[in-house]
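Working notes, structure below.
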Amino acid sequence: MTNFPLGVAVAVDGNANLLSNQQRQTIVSGNFSQISAENQMKMSYYNESTFANPLADQMISWAKTNNLSVHGHALVWHPDYQQPSWAKNPGSDFKTKFINHVRGVATKHKGQVVSWDVVNEALYDPADAGGQSAPPQAEYYRHSVFHNQYNGPSYIVEAFKTARQADPTAELYYNDFNTEENGNKTTGLVNLITYLKQQQAPIDGVGFQMHVLPDWASMASIEASWQKIINLDPRLKIKLTELDVRVNNKYSNPPKVISSCNNCPELQQQKQRYKDIIAAYYRIVPADRRGGITIWGIADPDSWFASDPDWPLLWNASLQPKPAFDGVKEALQAGQ
Ligand code: XIL
Numbered sequence: 009m010t011n012f013p014l015g016v017a018v019a020v021d022g023n024a025n026l027l028s029n030q031q032r033q034t035i036v037s038g039n040f041s042q043i044s045a046e047n048q049m050k051m052s053y054y055n056e057s058t059f060a061n062p063l064a065d066q067m068i069s070w071a072k073t074n075n076l077s078v079h080g081h082a083l084v085w086h087p088d089y090q091q092p093s094w095a096k097n098p099g100s101d102f103k104t105k106f107i108n109h110v111r112g113v114a115t116k117h118k119g120q121v122v123s124w125d126v127v128n129e130a131l132y133d134p135a136d137a138g139g140q141s142a143p144p145q146a147e148y149y150r151h152s153v154f155h156n157q158y159n160g161p162s163y164i165v166e167a168f169k170t171a172r173q174a175d176p177t178a179e180l181y182y183n184d185f186n187t188e189e190n191g192n193k194t195t196g197l198v199n200l201i202t203y204l205k206q207q208q209a210p211i212d213g214v215g216f217q218m219h220v221l222p223d224w225a226s227m228a229s230i231e232a233s234w235q236k237i238i239n240l241d242p243r244l245k246i247k248l249t250e251l252d253v254r255v256n257n258k259y260s261n262p263p264k265v266i267s268s269c270n271n272c273p274e275l276q277q278q279k280q281r282y283k284d285i286i287a288a289y290y291r292i293v294p295a296d297r298r299g300g301i302t303i304w305g306i307a308d309p310d311s312w313f314a315s316d317p318d319w320p321l322l323w324n325a326s327l328q329p330k331p332a333f334d335g336v337k338e339a340l341q342a343g344q
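Going by this note's numbering, the first residue of the sequence shown is number 9, and it counts up by one from there.
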């Protein structure tokens, strides 16, 4: 349907396990052209000596059988609940282990993935700072274990160079969230991509996660943020890597939070929001620079926001398409 990858994040464990759920398999193979592993290809899921990851193998082979491509997520990410022990307890061999992981995973999946989120979330975010206070002006980086061990952002350059060497044909992305707000973090993103280019890091694109609220970020901010990356380099692709649109906004004042949503009117607003974002993607991102759009999960109960509660996805708990599904479809048809 689209001439860019249309993706969905899938689980290979728990209630939404794609490998054991026929209905979800039908949804994924019938509506998408790409998958991302919601968790299974993150750092802690690999054996650090052999890089064995049997569930990732099964997922990738399912994708192949069903003619779907795989976007790798992610070679480097900081949260310690999804990190190998060498990163949780860094020792003097930290850099060796770091390079070994990026090389090992990228080599294992060479020819199996079309693209990678090479580094995920390297920018400081006040809403997710893990105790880090705001970095000094013009220093936008998250002080993750990688940043601290490398004494700065050079680990990002190292990761891109290592990934390119290991798998020369995969497209390599830098991925982050809240970068669509067109605020400090977007400035940080421009700063980081400028630095990566100066360092000749082989970067092909920028991933905007796009976990958005009903009324945040504004469409004007979203468009301006994408435009900044488009203007920065004549070649970088823009990929919406983790799109989901929440119904609730617990951050607004007063909070706007509903506790159930059976055909609730908010679903119409959600539909329009999905439509607006996809329409903007066609309007702002030139055709040859569209890296694709991925929705972060299949059905509402699968969503990482489900317990908030929220209903951010395209299928409901009965695995029926929601108004949001029609919104995506209409926007994709209009864009062709
Ligand atoms: C989330 C998954 O959806 C959850 O299942 C998991 O518990 C935590 O990670 N940014 C990312 C994704 O890049 O990997 C995160 O996925 C959501 C935020």
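Where a beta carbon is used, it is the ideal one built from N, C-alpha and C, also for glycine. Just so you know, these numbers come straight off a predicted model, no measurement behind them.
Under a three-way DSSP split, which group does residue i fall into?
i, result
"T58", "coil"
"V113", "helix"
"E179", "strand"
"G80", "strand"
"Y259", "coil"
"G299", "strand"
"S52", "helix"
"K247", "strand"
"S37", "helix"
"D125", "strand"
"N108", "helix"
"N239", "helix"
Can you give the Cα-Cα distance for residue i and residue j, rounded to whole angstroms?
i, j, result
"N55", "P309", "30 Å"
"V220", "K264", "14 Å"
"I301", "I285", "10 Å"
"S28", "K116", "24 Å"
"L327", "R32", "8 Å"
"K50", "S57", "15 Å"
"N39", "K118", "26 Å"
"L322", "E338", "13 Å"
"P92", "S315", "27 Å"
"P98", "V153", "8 Å"
"F59", "I201", "29 Å"
"A24", "V18", "8 Å"
Around the Cβ of residue i, are there at least 16 other Cβ atoms within 10 angstroms (buried) or fewer (exposed)?
i, result
"V121", "buried"
"D184", "buried"
"D400", "What the structure shows of the chain is the stretch from 9 to 344, and residue 400 is not part of that stretch, so it cannot be assessed."
"E231", "buried"
"G213", "buried"
"Q276", "exposed"
"S69", "exposed"
"N128", "buried"
"S123", "buried"
"N6", "The shown model of the chain, from 9 to 344, leaves out residue 6, and the question about it has no answer."
"Q208", "exposed"
To which residues does DSSP link residue i through a beta bridge?
i, result
"V220", "V253"
"S44", "A17 and H79"
Is there at least one Cβ from chain B nearer than 9 Å to residue i's Cβ?
i, result
"S311", "As a matter of chain content, chain B is missing from the structure shown, which is built from one protein chain."
Please give the ranges of any beta strand (DSSP E) in the stretch 263-337, keeping only runs that are unbroken, at least 3 residues long and fully inside the region. Taking only runs of at least 3 residues, the beta strand (DSSP E) segments lying wholly in the stretch 263-337 are 298-303.
Note down, one range per segment and in chain order, each beta strand (DSSP E) of at least 3 residues found wholly within the stretch 181-216. 213-216
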